[in-house]
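Read the structure below first, then the notes.
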DNA sequence: TTGTAGGCGTTATCAG
DNA sequence: CTGATAACGCCTACAA
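Residue numbers (this note's numbering), protein chains in the order written: chain A, 1 to 337; chain B, 338 to 674.
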């Protein structure tokens with residue numbers, strides 16, 4: 001089947017291609033009967049406008065790039081759902097780019113984004129540097145960063161939809177200070193060092209204000225298996241902290257299992273909080289306390305912001321930083337009020 | 338910054354645009370010194386070829402569409418990783434399309450795929466009908482279906498990289514028959530009904546061959562919470578089957594927790610297997626038996642197959658069906674040999 | 001080895 | 001309301 005074009009339709013309907021173009025684009029200056037004639041020709045031939053040609057003619061691709069690190073795919077599924085749904089509503093196509101250590105560096109991704117002439121970019125705040133943002137900005141590509149706060153915002157004109165992890169950690173630690181608990185550990189998650197660093201800063205700030213120094217930033221290998229092994233060994237000679245804060249479910253679970261085997265009682269001997277929520281936390285025994293973020297909404301809001309920037313940047317000029325709230329979910333690994 | 342084009346580069350390097358095009362595309366018929374001159378002009382101006390224009394000129398977009406249902410995002414992360422990595426190697430861009438009940442129907446997705454003039458499509462076998470495949474085929478878009486077997490392959494020229502779930506279920510059930518266990522339940526997973534139906538057929542075939550009828554196809558609401566509630570209630574009046582097969586981790590975990598609360602011993606009173614593996618199965622106590630599939634490889638193989646089809650379809654003409662193996666992983670919820 | 005010109009499929013601007 | 005025609009940015013014979 002020969003690729004059929006606007007010319008074929010024009011010939012079939014016995015009009016010029018300009019008229020066909022008009023009915024495709026819902027231009028209302030076309031007479032009803034010729035519109036129908038054209039529609040029928042389109043139907044008959046199975047014509048579908050070539051988005052590439054449209055893109056070239058309009059200098060607008062109606063596609064948006066999403067960039068995220070490959071490892072975080074499973075975790076960011078809901079944010080992605082939010083992004084996709086809103087993109088769909090506004091009729092944008094999505095180009096997906098992943099970064100991973102070995103295969104694709106951020107630089108290559110940026111290269112292909114620029115070449116693709118996408119209308120805008122959504123970046124997950126986990127894998128790029130300010131310099132890379134600047135390149136995108138140089139090519140005037142509207143972008144919004146989703147997830148956490150952009151630390152050191154040099155580049156203008158970039159949206160940011162984020163959870164303030166620094167504040168979250170700060171407030172959380174202070175609450176425990178009030179309960180008289182100061183032996184607190186924060187477990188590193190290597191998958192998202194930018195969020196980790198913000199959490200760490202929050203904890204440090206809280207300690208500092210009380211005239212103490214925060215020393216228990218714990219870092220070990222990223223897999224569940226090795227976390228578990230490490231902790232099992234560790235507990236032979238050490239006691240767990242009074243409060244252990246992890247970023248992800250798997251780390252909290254590793255801690256739980258290791259405690260169980262070492263016969264530490266939760267939440268009596270030690271309390272655990274996973275910052276990020278996940279359905280598995282509810283399935284564990286004991287169920288694990290965490291924070292609830294509106295992931296899906298975060299994605300939806302980010303995409304909506306971007307679409308607004310694309311349509312009329314001035315309108316959102318001063319509203320490009322949107323903070324997302326969160327709530328603590330008390331489950332069985334922490335002492336209730 | 339004005340969008341700079343191939344003309345700008347040509348002028349800067351004092352050559353014709355044809356020459357610039359040649360150095361961009363590594364045509365080897367260009368003299369070394371002019372190549373260098375052009376390269377420098379490209380550098381200096383920060384020129385990036387417009388992929389849209391290239392696509393139009395070549396009738397080739399070097400992008401591939403991936404279609405999957407929104408709900409399965411988190412679960413298919415590894416397959417997606419495999420797909421993305423290989424796509425990257427062959428320099429294909431990825432367009433991501435998701436289907437979800439409310440917002441985007443498969444039909445719309447197909448529409449936008451055709452308009453985008455992508456070079457090929459990867460479909461997860463979970464959300465389309467044969468008719469929809471036919472539309473794609475009508476527009477001559479090469480495609481490969483990944484995940485499970487295409488049941489009733491009417492359309493030609495489509496690749497299929499799959500796990501044979503029918504066989505898996507059949508063999509699994511037969512093994513338990515040999516151990517004298519015939520009280521077997523299969524728990525439905527609504528997220529992927531096509532795979533469920535294949536599993537079911539396998540179980541039914543095994544039963545039928547022994548002159549029995551399979552009656553315990555269990556179906557309840559899809560969330561963990563409701564599974565758990567259902568089972569807790571159920572166990573007040575019923576005993577669990579000797580063997581319970583679930584598709585996903587969360588269903589197995591729900592069963593585990595409900596058994597625990599009803600004081601049924603695993604694997605003495607009842608054994609559990611989750612077909613799909615997931616790291617959480619290892620974190621549970623007891624750890625849950627499952628099957629191991631090379632997810633990442635499946636994605637990688639599927640994408641490689643598609644790229645081959647794009648380059649030279651004849652070469653792979655008779656090798657478009659690729660079955661992926663699996664192995665059983667014995668953990669604590671089943672009796673060892 | 002390099003340049004010229006036609007074509008890829010649409011949209012938009014002008015006339016009519 | 002409709003029809004030519006010039007972009008849009010690049011590739012590729014064909015010529016030089």
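Note that beta-carbon positions come from the ideal geometry of N, C-alpha and C, so glycine has one too.
This structure is a prediction, so every number in the text was calculated from the model and none was measured.
- CA-CA distance, residue 107 of chain A to residue 412 of chain B, rounds to 28 Å.
- The C-alpha of residue 643 of chain B lies about 38 Å from the C-alpha of residue 293 of chain A.
- The beta carbon of residue 233 of chain A sits no closer than 8 Å to any beta carbon of chain B.
- If you draw a straight line from the Cα of residue 311 of chain A to the Cα of residue 304 of chain A, it is about 11 Å long.
- At a beta-carbon threshold of 8 Å, the residues of chain A lying near residue 452 of chain B are 48, 49, 50 and 51, ordered along the chain.
- Minimum Cα-Cα distance from residue 574 of chain B among the listed residues B/557, B/599, B/408 and B/589 corresponds to B/599.
- Assigned with DSSP and collapsed to three states, residue 465 of chain B falls in coil, not helix or strand.
- The C-beta of residue 170 of chain A has 16 or more other C-beta atoms within 10 Å across all chains shown, which makes the residue buried.
- Boundaries of the alpha helix (DSSP H) around residue 593 of chain B: 586-598.
- Counting only Cβ-Cβ distances below 9 Å, residue 134 of chain A has no contacts in chain B at all, with the closest Cβ about 12 Å away.
- In this structure residue 419 of chain B touches residue 637 of chain B by the C-beta definition: roughly 4 Å separates them, less than 8 Å.
- In this chain, the alpha helix (DSSP H) harbouring residue 371 of chain B covers 369-382.
- Uninterrupted beta strand (DSSP E) stretches at least 3 residues long and entirely within the stretch 430-484 of chain B occur at 430-436 and 457-461, given in chain order.
- Secondary structure within the stretch 490-535 of chain B: the beta strand (DSSP E) runs of 3 or more consecutive residues, fully enclosed, are 495-500 and 521-524 (chain order).
- A contact between stretches requires three or more CB pairs, one per stretch, nearer than 8 Å, and the stretch 612-632 of chain B meets this requirement with the stretch 662-672 of chain B.
- Relative to residue 313 of chain A, the option among A/239, A/156, A/19 and A/214 whose CA is nearest is A/156.
- For residue 629 of chain B, the enclosing beta strand (DSSP E) starts and ends at 626-629.
- In summary, residue 98 of chain A is buried, with 16 or more beta-carbon neighbours lying within 10 Å of its beta-carbon over all protein chains present.
- Within 9 Å of the CB of residue 250 of chain A, the CB atoms of chain B belong to 616, 617 and 620, in sequence order along the chain.
- A straight-line Cα-Cα distance of about 9 Å links residue 392 of chain B and residue 53 of chain A.
- The alpha helix (DSSP H) runs of length 4 or more contained entirely in the stretch 630-672 of chain B are, from start to end of the chain, 632-648.
- A Cβ of chain B is located within less than 8 Å of the beta carbon of residue 98 of chain A.
- The residues 467, in chain order, have a CB closer than 7 Å to that of residue 489 of chain B in the same chain once the five nearest residues on each side in sequence are set aside.
- Each of B/634, B/608, B/349 and B/383 was checked against the Cα of residue 510 of chain B, and the nearest Cα belongs to B/608.
- The beta-carbon of residue 362 of chain B is placed no less than 8 Å from the nearest beta-carbon of chain A.
- Contact between residue 501 of chain B and residue 660 of chain B is confirmed by a C-beta separation of about 6 Å, below the 8 Å threshold.
- Taking residue 326 of chain A as the centre and dropping the five residues before and after it, the same chain places the C-beta of 163, 168, 291, 292 and 293 closer than 7 Å to its C-beta, in chain order.
- At a cut-off of 8 Å between C-beta atoms, residue 85 of chain A counts as an interface residue with respect to chain B.
- Within the stretch 60-72 of chain A, 61 and 70 place their CB atoms closer than 7 Å to a CB of chain B, listed in sequence order.
- In the assembly as shown, residue 350 of chain B is a buried residue. Its beta-carbon has 16 or more other beta-carbons within 10 Å.
- Residues of the stretch 184-214 of chain A whose Cβ lies closer than 8 Å to any Cβ of chain B: none.
- Less than 8 Å divides the Cβ of residue 123 of chain A from the Cβ of residue 67 of chain A.
- Distance from the CA atom of residue 347 of chain B to the CA atom of residue 355 of chain B, rounded to whole angstroms, is 8 Å.
- Taken in chain order, the members of the stretch 582-607 of chain B whose beta-carbon sits within less than 9 Å of a beta-carbon on chain A are 586, 587, 590, 591, 593, 594 and 597.
- In this structure residue 219 of chain A is not in contact with residue 254 of chain A, their Cβ atoms being roughly 14 Å apart against a cut-off of 8 Å.
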